[in-house]
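Asker: According to mature numbering (1 follows the signal peptide of the UniProt record, and there is no 0), the residues represented by the sequence shown are -23 to -1, 1 to 944, in order. Positions of the beta carbon are idealized from the N, C-alpha and C atoms, including for glycine. This is the structure I have questions about; it appears just below.
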Amino acid sequence: MKFKHLLSIFLSIVLFVILPVKSNNVTYTDGTNGTPIVYKSLIYQDNTMVLHIVRIISRSNEICFETNLSFRVIYPNGTIIPVDISMDKLEMQSLNFCFVNLFDNRLSPIALYAIESNFILVTYVNAEDINNIYTYNEWGMLIDLSGNIHSKALLGPSFIYPDTNQWAPGSSIVVPNVNKDQGFLFLSLSNNYTYVQQWIINDGIFSNITRRSISLPYSTINTIIATVDGGYINVFINDTSSITRIPDGFSPQGGVYAIYYEYGTNVERDVIVLYETTIPFSSFNSTAIDCGISYSGVGQTCVLTVLPNPTTLNPNPNPLFIKIKFLSTGSVINIMPIIYNLIPGYNNTQNNNIMIFEIRPLYYGGFYFNFIRKMANGTSFIWGYVLDDNGNFTHWNLSNPTVINLTTVNPVLPNNTLVIVKPTVDQTWGLITTDLYKVYGRDNHYGNILISNTIPTIGQNFIANEIHSLIITYTIPVVLSNGTITIFQYNGLSSDIIRQVTNALYHTKYVKLIDDYTVNVTIIDSIFNSPINTTYYVIIGNGFVKSQKYNEPLYGLTSNVWHFTATPKVEKQSNIYRFLDSVYGKVKLTHDGTNLFDNLIELEKNFFFINLTQELANAIAISQDRISTNYRFVIDTESSLKQYLLSIKIEIPQNPSDRGSELIANDLDVMIKNMDITILASGSSSKYLESTYGYATIPKFYNNTTLMFQIILTCGFIGILTIFYFISIYYDIKNEVKNESNVKNDEINGWYEKRKKCITKIFSLMKNHLEIYSYGFNILSFVLDILFAKIEAGSVKIIFIASVFFVTFPYAIKLGYAIYIILEELINTKENWIDTIFQKLCPKWLYSKITLIKNQNEDLDDQNNDSDDQNNDSDDQNNDSDNQNNDSEIQNNDSEIQNNGLEEQKDDSEDQKDEKEISKNITMIKWLESSKNHKIILTILILLAGADIEALEIFNFQFYGYKFNGM
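What follows is the structure, encoded as structure tokens:
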């Protein structure tokens, strides 16, 4: 038996793979216990189909089925996956697995609906007291196609008929939104009110967005459909006219009415009239209505089916069909009756059988029309046709009639393939598939006959930098609307990556109409940036464009239909460079983002940085470890508002296939500057980025022209100081050597001592000239401090005040001290003013010590002079007494005295020279009076003293043979 089951699955896969053809038969053996019945089918936009399987178990007077949830997932490639979930895992009560007989109908508490792209919504009942039907509540459960339960939600009370107090499970209606990411509408009844709720699903979790109750005329015949603009329309039949009139044969006695539910709001709209008749519907045998989106045109279409009561003159009346075409606004644009006697093969002679009529709009134009006859012996037959917009019928590829299973399941896939479920035999159920006739005779493979062609075409391969826009050509005149067009990057098993989202109405910079039929969508440069061959696909949202004639939103394109492959463009960056060079840069927060960032604690700020780097990596489709941060931020001083600059680094590539850092930086800059059409606009952190700023890279020093200019300017400044330094040294050394070269030949014995003294003085002069660098760097340091406080310190909030303080306060103190020194010197004119300045600049203890040493040396010199005088007097006496006796010695002494006299003359000459140098030190008043330029020099020196008080020592500085105080 197991082999038989596997063989059945294999055959099913083979048969589905060769679809579509005229018709195919598929059989599937389902388990070994009980008879499987295909109870319902679910259809998804990618042509995936889910069949709900039940196995009947009789319980006394009840009809129940196995206490598990069984469904079979049939994928477009033909794979069939069985999924069975036990009641215990579902946490459902047993009452959900039994039918309830009500008005000759079998109602099931469990219902399944196709939601989004891979979810099943299961509605069921949970009773607080199983014996009290007024405690029954409807719940929703979200299950994926693998059978995993994601979440549950309470939807509302289960409906109880107020007149009969009978429980009516399954009375609620679930309608998925035409946009799969906008959830579904849940409508339930309660006494005289209708409860309308809208739900969305975020990451597998239910979330209610609207809830309201409205009062509608009671009607057992109604249907709800989703509209192209994202809303819903509730269409119902009623015998009460919208305006009360006295029956006169002309006033309407019944009609088809509708109420519109706008997506995401609780705004209550007025009931609109779609069709009215002077004959009340209660006079007919049966009435039904089927509605759907007009995929081949505009708006919605409803088909009203009315079967008159038999009469003596007409015991077997034929049904009446009326097609009503209307817009989302409620405006009816066409009403057309369909002549029943033109239906091929139809007859109504067996009035003891049940007849079911159904009309559904097709994606490729026209309608799928069928009627089902349920025979008294339990066998059901189906007739099927394709009906065009003019009421003409075309046979399907199957025989009329064809046997169908007990529950008459016959869905139509989006690719126009009809699937009919055959009756179950033992444990085997089967499917018949056939392609329905395409009314407009064309299949452009887009699944939307309103689109004639696109650029790039489906399946096209191109070089990434060759395509700069998407071009869509329609078959009818269009205008731009509020819908979006989205480019996805296929990501294998993971979620596909959104690369660009463009709204036709709001992003007019990127979306243009070339003519009445053609739309051009600009693609930003960073979209096709994958380093390997990558598949992309485009989803055109419903309502991206509108019909020019009716101003009605048009149906779009679903996922994985318009797909193409981009080959990466050639990267000119060298491999060595790309593996050695990371990129440092910064992004800017908006003013609102900065205020938000300020209110975050330190941990939250770090999380903001981490989340931002992840969102940036996702936006440009690279691994998250390629973008990092050091969590640093500064204030943008060039902005009129307070805005932060955040540090963002692009790491070096780890693999040869990774994109280079510079290329990623360019992509990131483009993405931020165009963030309105990227997922950055919806990120929790990235939405606060300033789009006009982009991603500003911080250049390497060799690429930074400003920095290189500053380095060159600094080197030039140092070079000028060095030139002045050597010029002054050269001049002073030249003068010293010249003076020392005047030594007479008879003084050759003292040459070594004189040369040593000269060299010592030269080194003293060199040390003096080093002050050129000191003065220059002091000035440069002060200027840089001011520039830092003005330009850079303002960008770091915590150091700005401190920077201003440490620049201005010391300057004020030193400037005041310099002014004090100068004023004191101007008052004291008798003393040497250079010594006074030296006294003010030196520490008090140092100046006192120097003064003490100087006074001690002067006293010692006086004592030596007195002792020399006494010795000289004694020598004179001795000399007088010995003059007569020592003539020869006197002569020798005279010779020595003459030599000593020469040396004393030289010493006197040097003393006179020193006295001459000292005489240059004049009082400050005289120095200021000697020239107007001296006043300017003094003013400049006082200002510079604010930067460094030692600037006043320049009066002792000698440059190029001149002293400032001697000019």
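Helix or strand or just coil, what does DSSP make of A598?
Answerer: Numbered from 1 along the sequence shown, position 621 holds the residue referred to as residue 598. Coil at A598, not helix or strand.
Asker: Does L251 pass the burial test, meaning 16 or more other C-beta atoms within 10 Å, or should it be called exposed?
Answerer: Taking the sequence shown and counting its residues from 1, the one referred to as residue 251 is at position 274. Flag for L251 reads buried.
Asker: First and last residue of the beta strand (DSSP E) that includes A642?
Answerer: As a working mapping, residue 642 is identified with position 665 in the sequence shown. Taken as a continuous stretch (DSSP letters only), A642 belongs to no beta strand (DSSP E), being part of the alpha helix (DSSP H) at S638 to K650.
Asker: Report the residue from V389, G241, Y172 and V155 whose alpha carbon sits nearest the alpha carbon of S149.
Answerer: Locating residue 149 in the sequence shown gives position 172, where the first residue counts as 1. Comparing Cα-Cα distances from S149 to each of V389, G241, Y172 and V155, the minimum goes to Y172.
Asker: Less than 8 Å separating the beta-carbons of Y513 and N537?
Answerer: On the sequence shown, residue 513 is found 536 positions in, with the first residue counted as 1. On the sequence shown, residue 537 is found 560 positions in, with the first residue counted as 1. Contact: no.
Asker: So what does L623 bridge to, in DSSP terms?
Answerer: Position 646 of the sequence shown, counting from 1, holds the residue named residue 623. Answer by DSSP bridge pairing, in chain order: V564 and F610.
Asker: For the alpha helix (DSSP H) that K66 lies in, which residues bound it at each end?
Answerer: Numbered from its first residue, the sequence shown carries residue 66 at position 89. It spans M64 to L67 - the alpha helix (DSSP H) in which K66 sits, taken as one unbroken run.
Asker: Considering only residues of the stretch 498 to 554, which uninterrupted beta strand (DSSP E) runs meet the minimum length of 3 residues and lie entirely inside it, listed in chain order?
Answerer: 511 to 517, 522 to 524 and 534 to 544, all fully within the stretch 498 to 554.
Asker: Does the stretch 365 to 372 come into contact with the stretch 385 to 395, if we say contact requires no fewer than three beta-carbon pairs (one atom in each stretch) closer than 8 Å?
Answerer: Short answer: they don't touch.
Asker: Are the CB atoms of Y340 and N393 within a distance shorter than 8 Å?
Answerer: Locating residue 393 in the sequence shown gives position 416, counting from the first residue. Locating residue 340 in the sequence shown gives position 363, counting from the first residue. Yes, the Cβ-Cβ distance between N393 and Y340 is below 8 Å.
Asker: Report the rounded CA-to-CA distance for L364 versus I509, giving the unit in angstroms.
Answerer: Working through the sequence shown from its first residue, we reach residue 364 at position 387. Working through the sequence shown from its first residue, we reach residue 509 at position 532. Between L364 and I509, the C-alpha separation is close to 48 Å.
Asker: If I follow the unbroken beta strand (DSSP E) through N430, where does it start and stop?
Answerer: For the purposes of this step, residue 430 is identified with residue 453 of the sequence shown, where counting begins at 1. It spans I428 to I432 - the beta strand (DSSP E) in which N430 sits, taken as one unbroken run.
Asker: In whole angstroms, what separates the C-alpha of L593 from that of I210?
Answerer: Reading the sequence shown from its first residue, position 616 is the one you call residue 593. Reading the sequence shown from its first residue, position 233 is the one you call residue 210. Answer to the nearest angstrom: the Cα atoms are 40 Å apart.
Asker: Is the beta carbon of V478 sitting closer than 8 Å to the one on T655?
Answerer: Residue 478 sits at position 501 when you count from the first residue of the sequence shown. Residue 655 sits at position 678 when you count from the first residue of the sequence shown. Yes, Cβ-Cβ distance for V478 and T655 is below 8 Å.
Asker: Tell me whether the stretch 60 to 70 and the stretch 33 to 52 touch, counting them as touching only if at least three CB pairs, one residue from each stretch, are closer than 8 Å.
Answerer: Yes, the stretch 60 to 70 is in contact with the stretch 33 to 52.
Asker: Please classify F96 as buried or exposed, where buried requires at least 16 other C-beta atoms within 10 Å of its C-beta.
Answerer: Along the sequence shown, one-based indexing puts residue 96 at 119. Counting Cβ neighbours within 10 Å, F96 comes out buried, since at least 16 surround it.
Asker: Going by C-alpha distance, which of S507, S259, L623 and S271 is nearest D644?
Answerer: Residue mapping note: residue 644 aligns to position 667 of the sequence shown, counting from 1. The option with the nearest alpha carbon to D644 is S507.
Asker: Based on Cα-Cα distance, which residue from I516, G520, N438 and K664 lies nearest to G274?
Answerer: For the purposes of this step, residue 274 is taken as the residue at position 297 of the sequence shown. Out of I516, G520, N438 and K664, G520 has the C-alpha closest to the C-alpha of G274.
Asker: Tell me which residue opens and which closes the beta strand (DSSP E) that G269 is part of.
Answerer: Residue 269 sits at position 292 when you count from the first residue of the sequence shown. Where G269 is concerned, the enclosing beta strand (DSSP E) stretches over F261 to I270.
Asker: Which of the three DSSP states is assigned to N185 in this structure?
Answerer: Locating residue 185 in the sequence shown gives position 208, where the first residue counts as 1. Note: N185 maps to strand in three-state DSSP.
Asker: Please determine, among E68, L72 and P53, the residue with the shortest C-alpha to C-alpha distance to F42.
Answerer: By 1-based counting over the sequence shown, the position of residue 42 is 65. Of the candidates E68, L72 and P53, the one whose C-alpha sits nearest the C-alpha of F42 is L72.
Asker: Where does T200 sit, in a helix, a strand or coil, going by DSSP?
Answerer: Locating residue 200 in the sequence shown gives position 223, counting from the first residue. If DSSP states are grouped into helix, strand and coil, T200 belongs with the strands.
Asker: For the candidate residues Y527, K565, S271 and E68, whose alpha-carbon lies nearest to that of P338?
Answerer: Counting from 1 along the sequence shown, the entry for residue 338 is found at position 361. Minimum Cα distance to P338 is reached at S271.
Asker: By DSSP, does I87 sit in helix, in strand, or in coil?
Answerer: Taking the sequence shown and counting its residues from 1, one reaches residue 87 at position 110. In this structure, I87 counts as coil in the three-state DSSP scheme.
Asker: Whole angstroms are fine: how far does the CA of I236 sit from the CA of I500?
Answerer: Taking the first residue of the sequence shown as position 1, residue 500 is located at position 523. Taking the first residue of the sequence shown as position 1, residue 236 is located at position 259. Whole-angstrom Cα-Cα distance: 40 Å.
Asker: With 16 other CB atoms within 10 Å as the buried threshold, where does G469 fall?
Answerer: Here residue 469 refers to the residue found at position 492 when the sequence shown is read from its first residue. Exposed.
Asker: Tell me which residue opens and which closes the beta strand (DSSP E) that I491 is part of.
Answerer: Within the sequence shown, residue 491 is the residue found at index 514, counting from 1. I491 -> no beta strand (DSSP E), and no H or E assigned at all.
Asker: DSSP three-state label for I688, please.
Answerer: Locating residue 688 in the sequence shown gives position 711, counting from the first residue. DSSP places I688 in helix when its eight states are reduced to three.
Asker: To the nearest whole angstrom, what separates the beta carbons of Y5 and S94, a pair I think is in contact under 8 Å?
Answerer: As a working mapping, residue 5 is identified with position 28 in the sequence shown. As a working mapping, residue 94 is identified with position 117 in the sequence shown. Actually they do not touch by this definition, with Cβ atoms about 24 Å apart.
Asker: Short check: CB of Y417 to CB of G570, under 8 Å?
Answerer: Residue 417 sits at position 440 when you count from the first residue of the sequence shown. Residue 570 sits at position 593 when you count from the first residue of the sequence shown. It is not a contact, given that the beta carbons lie outside the stated cut-off.
Asker: List the whole-angstrom C-beta distance separating G343 from I310, where the pair is believed to meet the contact cut-off of C-beta under 8 Å.
Answerer: Your numbering for residue 343 matches position 366 in the sequence shown. Your numbering for residue 310 matches position 333 in the sequence shown. In fact, because the Cβ distance is near 17 Å, the residues do not count as touching under 8 Å.
Asker: For T669, tell me which candidate among I464, K563 and A130 has the shortest Cα-Cα distance.
Answerer: The sequence position of residue 669 within the sequence shown is 692, counting from 1. Of the listed residues, the one whose Cα sits closest to T669 is K563.
Asker: Quick check on DSSP: helix, strand or coil for S357?
Answerer: As a first step, residue 357 is located in the sequence shown; it is residue number 380 there, counting from the start. Of the three classes helix, strand and coil, the one that applies to S357 here is strand, per DSSP.
Asker: Roughly how many whole angstroms lie between the Cα atoms of V102 and T242?
Answerer: Your numbering for residue 102 matches position 125 in the sequence shown. Your numbering for residue 242 matches position 265 in the sequence shown. Distance between the alpha carbons of V102 and T242: 27 Å.
Asker: In three-state DSSP terms, what is E335?
Answerer: On the sequence shown, residue 335 is found 358 positions in, with the first residue counted as 1. Strand at E335.
Asker: Quick test of the definition: if touching needs 3 or more C-beta pairs under 8 Å, does the stretch 376 to 383 touch the stretch 300 to 314?
Answerer: Contact fails: fewer than three Cβ-Cβ distances are below 8 Å.
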